[in-house]
Amino acid sequence: MTAVTDQDHDERADQPGDADKAAAAAAGKPSAKAPRDAPRGESTDRTHARVPDGDSTSRRGAMGATNSPGTASSTSSPGAESSTSSPGTVGSWDDGLIARRVDETTGGNQYAVLDSRPAAPPTVSPLLYDGPLRSRLEALRELVGLSRTRLDSRTLAEAGRVLDEASARHRLSGQHTVVAIAGATGSGKSQLFNALAGVAISETGVRRPTTAAPIACSWSDGAASLIERLGIPPRLRRRPLPTGDSESQLRGLVLIDLPDHDSAAVQHREHVDRILALVDAVIWVVDPEKYADAVLHERYLRPMAAHAEVMFVVLNQVDRLPGEAAEQVLDDLRRLLDEDGIALGEYGEPGTTVLALSALTGDGVGELREALGQFVAERAAPARRISADVDIAAARLWPVYATQRRTGLSEQAREEFADRLADAVGATAAGEAAERAWLRNANRACGTPWLRLWRWYQDRGEPTTGRLPSRTQADEEATARQRVEQAVRAVADRACAGLPAPWAQAVREAAVRGSQGLSEALDELSVRAGVPTGRPPRPGWWPVAVLSQAAMTILQFLGGLWLVGQIVGVMSPNLGVPVLLMLIGIVGGPLIEWSCRMAARGPARRYGLEAERRLREAAAGCGRARVLDPVAAELLRYREVREQYGKVVGAGT
24 MTAVTDQDHD
34 ERADQPGDAD
44 KAAAAAAGKP
54 SAKAPRDAPR
64 GESTDRTHAR
74 VPDGDSTSRR
84 GAMGATNSPG
94 TASSTSSPGA
104 ESSTSSPGTV
114 GSWDDGLIAR
124 RVDETTGGNQ
134 YAVLDSRPAA
144 PPTVSPLLYD
154 GPLRSRLEAL
164 RELVGLSRTR
174 LDSRTLAEAG
184 RVLDEASARH
194 RLSGQHTVVA
204 IAGATGSGKS
214 QLFNALAGVA
224 ISETGVRRPT
234 TAAPIACSWS
244 DGAASLIERL
254 GIPPRLRRRP
264 LPTGDSESQL
274 RGLVLIDLPD
284 HDSAAVQHRE
294 HVDRILALVD
304 AVIWVVDPEK
314 YADAVLHERY
324 LRPMAAHAEV
334 MFVVLNQVDR
344 LPGEAAEQVL
354 DDLRRLLDED
364 GIALGEYGEP
374 GTTVLALSAL
384 TGDGVGELRE
394 ALGQFVAERA
404 APARRISADV
414 DIAAARLWPV
424 YATQRRTGLS
434 EQAREEFADR
444 LADAVGATAA
454 GEAAERAWLR
464 NANRACGTPW
474 LRLWRWYQDR
484 GEPTTGRLPS
494 RTQADEEATA
504 RQRVEQAVRA
514 VADRACAGLP
524 APWAQAVREA
534 AVRGSQGLSE
544 ALDELSVRAG
554 VPTGRPPRPG
564 WWPVAVLSQA
574 AMTILQFLGG
584 LWLVGQIVGV
594 MSPNLGVPVL
604 LMLIGIVGGP
614 LIEWSCRMAA
624 RGPARRYGLE
634 AERRLREAAA
644 GCGRARVLDP
654 VAAELLRYRE
664 VREQYGKVVG
674 AGT
């Protein structure tokens, strides 16, 4: 079929020979040569039939008006446009389509050009996602929101793009499926585009690249917003005129002819990459020479393996292959696609449809049109495309969310951290010092006066009873700080075990922030929560022991005074009684002191353990508030995002 171009239109009515040209066109004869200065692709015709968008009946009537016998062309004044009319047709201008005038008797190709002037948009139903896909998108949106402060924008860029595109596609028509035809230079994709449309819409030829800009062709109304989303200007939008079965079979299809993906022009490749990210499905056209091209497989097919269900791979130009060579090349193409990880839709399984055809001879084009019509009729391609995009985004986020190990802080790790902090503040030493202080007080209270006097003389230069030595030496402070830092590093390493790198870094940063000023806070706690100043508490038996010790001392004094009185002659001689009293006092005092010391060991030990416990709890509380709680918050956030990530990939939490 011969394509009808803009230059096939009638010349202006006021030029000589217009009537002859119109008559020749009606008789199926070639029209007069168009002006050479007319730009290619722009109409020189001044007589059009206006067809309102969304009304196919009016469109058919308008086309009939332009081709019906006896239709007269009226000449308008400069700057005004004229229309043709016939009885029973509408000749008024209206927003919609500009139908190109063609002679139906010549069998010329017929298609419509979308008007650049705005038209009232037809009512279309937005795309609806099913429950599972909607849940995955919501989980991905929640995942991105929870991760913005932990992951850089480049890591989340793909997920954000998928969410934006899913939201944009959701607002557009759900009755249309946008399919792009992509291929390399010379693969014949524009020829296939024309074969599917049934008209010569896209320019074909030996000049490379032939397709410089994407061209859109829509089989039904209501696709304007979808085409605008692709950035295709109105002058590059086409619409085949109704042809019966062809229109009904592909109703809802929006076909896009892309520039060559291997074009030397950078702008062409940018068009391809941009539109491939927005369309619902792709038809990859390959030829027997370039079907194994590394650029095609490594740059496009392999990264789009997840989109297998919304892809067609067509081996074109099979008419050039002799005998069984076409089947051999097709089998090799299937092998390459399988190596790319692309599932093939064979034996009724979901996957990529692989066909062989010849756009030049039409062999196999009907099979592709039938498969494409069934594909469009299902209206599932947009949701499948979005679902595949979510799969790809989730796969790229796998390194920053997934882990094969159990994460978190165990109770043992928390206890070890508390023990390290307790060692840093000297909780054990403080407990032992408290125990010694209690015993010392017990010995002083229950000891003999002579021994207490001797100990007082020895302890005059020592600190007050019950006070701990001040930790002000530089070496002790440095040692304590090192222990605290080591404890923080150890607990951070335990918490980071098995976490992906970004979340492990976030946990370490939280631990480091909490450790700032931790040593000083622990020093203050050791003073407040350590051994209290003053005398330790005394048990109830202490007064009895003190009285007993006082009685022993009194017996010693009585015995001594009795002996002195006998010596001076004041009292009658009797050595037995005073000596016995003195012996009881001398032996009883140390015996009572030893007994009290034995009895004081238990209370002293409990007193020391209580002091150690208080200091350990204070150190653990300080470490928990400053280090463990921030670390636990980061781990909780990671568990939340891991749960959302499980929903995104469709797996259990």
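In terms of my numbering, the numbers along the sequence shown are unbroken and rise by one, the last being 676. All residues carry an ideal CB built from backbone N, CA and C; glycine is no exception.
* To do: Can you grab the Cα-Cα spacing for the pair SER595 / TRP585, in whole Å?
  => A direct Cα-to-Cα measurement between SER595 and TRP585 gives close to 9 Å.
* Cα-Cα, which of VAL201, SER538, GLU188, LEU160 is closest to ALA513? -> The shortest Cα separation from ALA513 among VAL201, SER538, GLU188, LEU160 belongs to SER538.
* Asked: If we count the other Cβ atoms within 10 Å of its Cβ and call it buried at 16 or more, is ILE590 buried or exposed?
  -> Exposed, by the Cβ-count rule.
* Quick one: what's TRP307 bridged to in DSSP? -> ALA205, VAL336
* Asked: Tell me which same chain residues have a C-beta within less than 6 Å of the C-beta of ILE279, skipping the five on either side of it?
  -> Result list for ILE279: ALA203, PRO237, ALA239, in chain order.
* Going straight from the alpha carbon of LEU378 to that of ALA315, what length do you get? -> 16 Å
* Integer Cβ distance of ALA447 from LEU545, believed to fall under 8 Å -> 6 Å
* Residue of VAL308, SER549, GLY608, GLY599 minimising C-alpha distance to SER14 -> This structure does not reach residue 14, given that the chain is present from 24 up to 676, and the question cannot be answered.
* Which of the three DSSP states, helix, strand or coil, is assigned to THR200? -> strand
* For ARG171, the nearest candidate out of GLU434, ALA529, TYR480 (CA to CA) -> When each option's Cα is compared against that of ARG171, the closest is ALA529.
* Asked: Out of curiosity, what's the CA-to-CA distance linking LEU659 and SER542?
  -> 26 Å
* Taking the alpha-carbon positions, what's the GLY183 to ILE415 distance? -> 12 Å
* To do: Classify ASP126 as helix, strand or coil using the three-state DSSP reduction.
  => Confidence in ASP126 is poor, its pLDDT being 34 and thus under 50, which makes the residue's placement too unreliable to answer from.
* Would you identify the three-state DSSP class for ILE238, choosing helix, strand or coil? => strand
* Sorted by chain position, which residues of the same chain lie with C-beta nearer than 7 Å to ALA328's C-beta, five sequence neighbours on each side aside? -> ASP363, GLY364, ILE365
* Below 7 Å CB to CB, which residues in the same chain sit around ALA510 once its five sequence neighbours on both sides are set aside? => Result list for ALA510: PHE440, ARG443, LEU444, ALA447, in chain order.
* **Residue range of the beta strand (DSSP E) that includes THR376** => For THR376, the enclosing beta strand (DSSP E) has its first and last residue at 376–379.
* **Burial state of THR384, where buried means 16 or more other Cβ atoms lie within 10 Å** => exposed
* **Environment of PHE398 [buried if 16+ CB atoms lie within 10 Å]** => buried
* To do: Under 8 Å by Cβ, that's how I've got LEU276 and THR376 pegged, so tell me the actual separation to the nearest angstrom.
  => The Cβ separation is near 15 Å, so there is no contact.
* Asked: With distances taken from CA atoms, which of ALA634, ARG629, PRO256, ASN466 is nearest PRO566?
  -> ASN466
* Is there contact here, the segment 349–357 with the segment 216–226, by at least three beta-carbon pairs under 8 Å? -> no
* PRO422, enclosing alpha helix (DSSP H) - first and last residue -> According to the DSSP assignment, PRO422 belongs to the alpha helix (DSSP H) that extends over 404–424.
* To do: Count the other C-beta atoms from every protein chain shown that fall within 10 angstroms of the C-beta of GLN290, then say buried if there are 16 or more, exposed otherwise.
  => exposed
* Asked: In angstroms, rounded to a whole number, what distance separates the CA positions of LEU581 and LEU606?
  -> 11 Å
* Asked: Apart from the five residues just before and just after ARG517, which ones in its own chain have a Cβ nearer than 6 Å to its Cβ?
  -> ALA436
* Can we say the segment 238–256 touches the segment 401–417, given the rule of at least three CB pairs closer than 8 Å? -> no
* Asked: If you draw a straight line from the alpha carbon of TYR480 to that of GLU532, how long is it in whole angstroms?
  -> 55 Å
* To do: Given a cut-off of 8 Å, decide if ILE306 and VAL337 are closer than it, judged by their beta-carbon atoms.
  => Yes. Within cutoff.
* Asked: Residue ranges of each beta strand (DSSP E) run of no fewer than 3 residues wholly in the segment 520–558, ordered along the chain?
  -> Fully contained in the segment 520–558 is no beta strand (DSSP E) run of length 3 or more.
* Between the C-alpha atoms of PRO653 and GLY454, what's the straight-line distance to the nearest angstrom? -> 30 Å
* Which residues share a DSSP beta bridge with ASP280? -> ILE204, ILE238
* Nearest neighbour of LEU420, chosen from PRO601, GLY583, LEU179, GLY612 [CA to CA] -> LEU179
* **C-alpha distance - VAL671 paired with LEU259, whole-angstrom precision** => 38 Å
* What did DSSP end up calling PRO263 once you bin it into helix, strand or coil? -> strand
* For PRO149, which three-state DSSP category applies? -> strand
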